[in-house]
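Each remark here refers to the structure printed beneath this line.
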Amino acid sequence: MEFHLSDYSKIDSYLIAHLDESIAELSRLVAQPSVGAQNWGMQACAEMVGEMLQKRGFTVEILPTGGAPVVLGERKGKSDKTLMFYNHYDVQPAEPLDLWETPPFEPSQRDGKLYGRGVSDDKGHLTSRLHTIDALLAEDGELPCNVKFIVEGEEETGSMHLPKFITANKEKLAADACIWEFGGVDHREVPMQYLGLRGICYVELSIETAAIDVHSGLGGSIFANAAWRLVWALNTLKSPDEKILIPGWYEGIIPPTARDRELFAAQPDVADEYKTQFGVKGFLKGLTGGVDLQIAEVFEPTCTICGLTSGYQGLGSKTVLPARASAKVDFRIALGQTIERCLVLLRQHLDAQGFSDIEIKFMGGGPAARTDPDHPFIKLVVDSAEEIFESKMELIPMVGGSGPNYPFVHELNMPVATAGLGHPDSRAHAPNENIRIDLYLKHARHMARVLKGFAQ
Ligand SMILES: [Zn+2]
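Residues 84 to 539 in this note's numbering are what the sequence shown spells out, letter by letter.
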């Protein structure tokens with residue numbers, strides 16, 4: 084059976100007629116702070132999300148984790164197939180507050196946009212999907228298929244407890260496909276389909292060489308210097324040609340396929356845009372642009388020093404021999420690499436290089452995962468977007484950032500598709516975060532088509 088435009092006229096009319104109510108509901112959710120990093124309002128926000136689902140006939144559970152609770156909602160539908168929505172209710176800190184034009188937790192509308200912390204990332208995605216649910220229920224009294232929501236509260240702080248939660252609740256979370264928390268259009272208004280996320284293994288490397296900092300005239304020639312020990316250790320991790328020197332690091336990596344190259348070849352070249360946007364003169368490893376640059380950007384493992392701390396960095400000079408030094412290092416990891424193995428290899432390498440005094444603290448992360456670009460569910464999400472966005476959705480095989488998609492893809496064995504209301508000026512994580520209300524409506528209309536198409 085084929086769906087035609089007219090099949091959605093009732094749903095679309097409902098979504099338009101009740102749009103203001105949905106935006107008002109989103110505004111109430113944004114007004115409830117839920118800043119994970121500051122442990123501010125987490126339980127209250129989880130309960131609010133639970134009530135929003137309950138109101139729509141979902142069976143709701145608010146389950147504890149080692150950190151912020153997870154909200155689960157489930158409502159049966161006509162078909163036995165189950166679609167899952169993954170969202171999160173936590174938000175990034177709003178600071179610096181003085182850069183906001185209106186207060187971050189007092190959502191306000193202007194020029195077709197709604198501003199507020201979390202309005203795009205990720206509360207707007209959640210409420211626009213609930214708006215879809217309302218429209219489907221209004222049309223038919225029931226949903227076309229089973230729908231599950233998993234709404235976590237630790238996405239912005241690394242989803243530390245989510246993978247274990249998923250493993251422990253596999254049966255409860257069983258579903259056939261998943262719509263991810265985000266998505267949106269690029270600067271050309273083209274909707275994007277991000278098929279995978281690179282993994283990350285974030286560590287802090289630290290060393291303590293003495294109980295206290297020492298006068299450098301006293302200790303300089305006879306005591307070990309923590310800053311130097313750390314610098315030497317870091318120097319063994321990567322060579323100037325960007326190769327990670329930890330033995331075994333590249334073993335088991337799944338290389339990009341010919342299809343990945345083909346999909347990237349269909350994308351505009353990003354080289355010039357990156358040069359202007361970031362003020363860089365060129366790229367590493369002799370890369371100049373095109374498919375090779377895009378493949379390297381998202382498929383290759385990295386070793387990034389994110390920050391270094393030691394000794395004295397204030398005004399003037401201070402002759403001191405630092406007793407402590409530490410570095411935050413993020414390893415983006417490729418498909419096929421695991422956190423456990425990376426941590427073992429890193430330890431073995433530091434030991435073998437004479438740095439068993441360097442402590443490794445794992446700060447969080449997860450492996451890379453992705454969905455096959457040619458999976459039928461991806462086709463459904465992509466095809467149903469075209470009518471609404473008036474443009475073909477573009478397939479991006481992988482993005483360089485990270486997120487907890489691995490347990491969804493590999494533990495729950497589901498295809499994961501992205502879809503959403505983001506736009507290039509959404510300012511997620513930054514002051515004046517906003518959504519475009521036209522895209523909010525488009526996303527809700529898109530999800531109605533995905534839900535009905537999926538049920539068939
Ligand atoms: Zn975020």
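A virtual CB, placed ideally from N, CA and C, is assigned to each residue, including glycine.
Run the CB neighbour count on residue i, radius 10 Å, all protein chains shown included, and call it buried at 16 or more, exposed below.
{"i": "I337", "result": "exposed"}
{"i": "H244", "result": "buried"}
{"i": "H432", "result": "buried"}
{"i": "E325", "result": "exposed"}
{"i": "I295", "result": "exposed"}
{"i": "G224", "result": "exposed"}
{"i": "M84", "result": "For M84, the predicted structure reports a pLDDT of 46, less than 50, and the residue's modelled location is therefore unreliable. The matter cannot be settled from this model."}
{"i": "S467", "result": "buried"}
{"i": "E356", "result": "exposed"}
{"i": "E157", "result": "buried"}
{"i": "Y395", "result": "exposed"}
Which one or two residues does DSSP pair with residue i in a beta bridge?
{"i": "L478", "result": "Q276"}
{"i": "S393", "result": "A408"}
{"i": "E144", "result": "L155"}
{"i": "R519", "result": "K196"}
{"i": "S162", "result": "C228"}
{"i": "W123", "result": "V118"}
{"i": "H298", "result": "V403"}
{"i": "T359", "result": "T359 pairs with nothing; no bridge assigned."}
{"i": "S289", "result": "S409, E442"}
{"i": "G447", "result": "Y285"}
What number of angstroms, rounded off, separates the C-alpha of residue i from the C-alpha of residue j?
{"i": "A408", "j": "A417", "result": "29 Å"}
{"i": "E477", "j": "L136", "result": "32 Å"}
{"i": "G503", "j": "R212", "result": "9 Å"}
{"i": "A151", "j": "A251", "result": "16 Å"}
{"i": "Q377", "j": "A218", "result": "40 Å"}
{"i": "D440", "j": "G331", "result": "22 Å"}
{"i": "P186", "j": "N308", "result": "46 Å"}
{"i": "R415", "j": "L404", "result": "33 Å"}
{"i": "P514", "j": "A107", "result": "21 Å"}
{"i": "V353", "j": "V273", "result": "16 Å"}
{"i": "T142", "j": "M167", "result": "14 Å"}
{"i": "S117", "j": "A127", "result": "8 Å"}
{"i": "N517", "j": "D269", "result": "15 Å"}
{"i": "P498", "j": "G201", "result": "26 Å"}
{"i": "I99", "j": "L524", "result": "7 Å"}
{"i": "G133", "j": "E235", "result": "11 Å"}
{"i": "S289", "j": "F491", "result": "33 Å"}
{"i": "L367", "j": "L328", "result": "17 Å"}
What distance in whole Å lies between the Cβ atoms of residue j and residue i, which are believed to be in contact at a cut-off of 8 Å?
{"i": "T240", "j": "G119", "result": "4 Å"}
{"i": "G335", "j": "H506", "result": "Wrong, their Cβ atoms sit about 38 Å apart, outside the cutoff."}
{"i": "L463", "j": "G362", "result": "With 8 Å as the limit, L463 and G362 do not qualify as a contact, their Cβ atoms being about 41 Å apart."}
{"i": "I233", "j": "V286", "result": "Wrong, their Cβ atoms sit about 28 Å apart, outside the cutoff."}
Does the CB of residue i have a neighbour CB from chain D at under 8 Å?
{"i": "G335", "result": "Absent here is chain D; the protein component of the structure consists of one chain."}
With distances taken from each beta carbon to the nearest heavy atom of ligand 1, which residues come in below 7 Å, in chain order? Q175, D204, D205, E238, E239, A511, H512
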